[in-house]
Amino acid sequence: MHDSIKLLDEIKPTKNAVFLASFKGFSDTTGAAAASIEYLIDAWKAKPIIEIDPDPFYDYSMTRPQVKLKNDKRAIEWPVPTIYHAQPPNTDRDFILLAASEPNLKWKTFTEVIIETIDLFNCTTTLTFGAQPAAIPHTRPVILNLSASDSKFEKLFDLKAPSYRYQGPTGITGIINLMVREKNIDNASLWALMPHYLSFGTNPNVIESIVKKIDMAFNTKTPLSKLDLKKTNFIEQVETALKSSPESTSYIQDLESEYDKSNIVLQDQFTSNEDAEIPLPSSTEIIGDVEDFLKESRDETP
80 MHDSIKLLDE
90 IKPTKNAVFL
100 ASFKGFSDTT
110 GAAAASIEYL
120 IDAWKAKPII
130 EIDPDPFYDY
140 SMTRPQVKLK
150 NDKRAIEWPV
160 PTIYHAQPPN
170 TDRDFILLAA
180 SEPNLKWKTF
190 TEVIIETIDL
200 FNCTTTLTFG
210 AQPAAIPHTR
220 PVILNLSASD
230 SKFEKLFDLK
240 APSYRYQGPT
250 GITGIINLMV
260 REKNIDNASL
270 WALMPHYLSF
280 GTNPNVIESI
290 VKKIDMAFNT
300 KTPLSKLDLK
310 KTNFIEQVET
320 ALKSSPESTS
330 YIQDLESEYD
340 KSNIVLQDQF
350 TSNEDAEIPL
360 PSSTEIIGDV
370 EDFLKESRDE
380 TP
């Protein structure tokens, strides 16, 4: 077992285990995909089984530890990747879950640790998740795209998985996907396309879309009621910001029109390739008021 792996509990035999992972960073800039995994960890009452030592893999000046208050005492919370085990009701499969920040260092070694973890739990399927900005409106359903090692995932998720010829920079998610596929482990990636003008904080609509797709694929029944208030507050904040910016309102109406006319084209244009550069309209000035308002609203939340 790799030195970076710390067992928190016994690894028990699993049945047809599925590995679910997302990394905040290059492939998940706002953390919405990772928040989806965290939501499942909470909803499924997952149990922490493994911690990965962060020291070899993180530059703490880039991925900073957090100071927290615990029992009125200050404590340091390090960015420790923690792997959870869950057995949600209504399914006979085990799920292994990881939501972490993208490592800054030693990606080859980190990927080896992830592969070893997948082997320790005898995972037969691996899924990674990302979220990308796209020229789509917040008033329409989130688009999910699929990249997969096998066509059976198309049926599982009811999504098409076109082949891609992208060449260019990648994130740790792309590295892990390629490495597990080289080891002939079934692998797929789900990518949420989110409004590019709402790039601050996690989007609860993205979380809901990813969780619903997992439920559909694996016949799990994850309660979503905890998202209701977050979705309501999110929409209210966005709409309040838009009222003070006629230019933003007009721009979003244009996005709605384009979405409604060419939803299929949008899915083709903003592919599930985790590493593709997505062309966005030049709308920094138009949308700046919205993002500033959302940031201020979150900063004021106790």
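Take the sequence shown: its position 22, counting from 1, is numbered 101 in this note's numbering, and each next residue is one higher. Ideal Cβ placement from N, Cα and C applies to all residues, glycine included.
Element boundaries [alpha helix (DSSP H), containing residue i]
i: residue 258; result: 251-261
i: residue 316; result: 307-322
i: residue 332; result: 325-340
i: residue 115; result: 111-122
i: residue 194; result: 186-199
Rounded separation between residue i and residue j - CA only
i: residue 178; j: residue 333; result: 35 Å
i: residue 89; j: residue 193; result: 18 Å
i: residue 254; j: residue 126; result: 26 Å
i: residue 166; j: residue 143; result: 32 Å
i: residue 146; j: residue 113; result: 21 Å
i: residue 286; j: residue 271; result: 9 Å
i: residue 203; j: residue 152; result: 43 Å
i: residue 124; j: residue 96; result: 16 Å
i: residue 315; j: residue 197; result: 41 Å
i: residue 171; j: residue 331; result: 44 Å
i: residue 122; j: residue 302; result: 7 Å
i: residue 241; j: residue 180; result: 28 Å
i: residue 336; j: residue 141; result: 40 Å
i: residue 136; j: residue 325; result: 46 Å
i: residue 201; j: residue 284; result: 32 Å
i: residue 162; j: residue 338; result: 38 Å
i: residue 115; j: residue 234; result: 22 Å
i: residue 227; j: residue 139; result: 33 Å
i: residue 232; j: residue 260; result: 14 Å
i: residue 218; j: residue 278; result: 15 Å
i: residue 199; j: residue 237; result: 30 Å
i: residue 164; j: residue 263; result: 23 Å
Residue i, DSSP secondary structure in three states
i: residue 295; result: helix
i: residue 181; result: coil
i: residue 127; result: strand
i: residue 149; result: strand
i: residue 107; result: strand
i: residue 284; result: helix
i: residue 301; result: coil
i: residue 136; result: coil
i: residue 159; result: coil
i: residue 352; result: Low per-residue confidence applies at residue 352: pLDDT is 44, beneath 50, and the placement is therefore not dependable, though the value from the model is reported in the following sentence. Coil at residue 352, not helix or strand.
i: residue 90; result: coil
i: residue 344; result: Here residue 344 scores only 46 on pLDDT, less than 50, and its place in the model should not be relied on; the value that follows carries that caveat. In this structure, residue 344 counts as helix in the three-state DSSP scheme.
Nearest-angstrom beta carbon gap, residue j and residue i [assumed within contact, 8 Å]
i: residue 205; j: residue 265; result: 7 Å
i: residue 169; j: residue 298; result: 6 Å
i: residue 119; j: residue 184; result: Incorrect: roughly 28 Å between the Cβ atoms, too far for contact.
i: residue 214; j: residue 273; result: Actually they are not in contact, since the Cβ atoms of residue 214 and residue 273 sit about 11 Å apart, beyond 8 Å.
i: residue 110; j: residue 281; result: 5 Å
i: residue 87; j: residue 128; result: 6 Å
i: residue 382; j: residue 207; result: Residue coverage of the chain in this structure runs from 80 to 381, which leaves residue 382 outside it and unanswerable.
Range of the contiguous beta strand (DSSP E) that encloses residue i
i: residue 265; result: 265-274
i: residue 204; result: 202-213
i: residue 86; result: 84-86
i: residue 235; result: It is not in any beta strand (DSSP E) - residue 235 instead sits in the alpha helix (DSSP H) that spans 231-236.
i: residue 226; result: 222-227
Inspect the CB distances between the segment 276-294 and the segment 318-326 and report whether three or more fall short of 8 Å. no
Three CB pairs or more closer than 8 Å across the segment 255-274 and the segment 81-88: No, because fewer than three Cβ pairs between the segment 255-274 and the segment 81-88 fall closer than 8 Å, the two stretches do not touch.
At least 3 beta-carbon pairs within less than 8 Å: the segment 178-190 vs the segment 240-252: yes
Spell out a yes or no on whether the segment 155-163 and the segment 212-224 are touching, meaning 3 or more CB-CB pairs, one atom from each, closer than 8 Å. no
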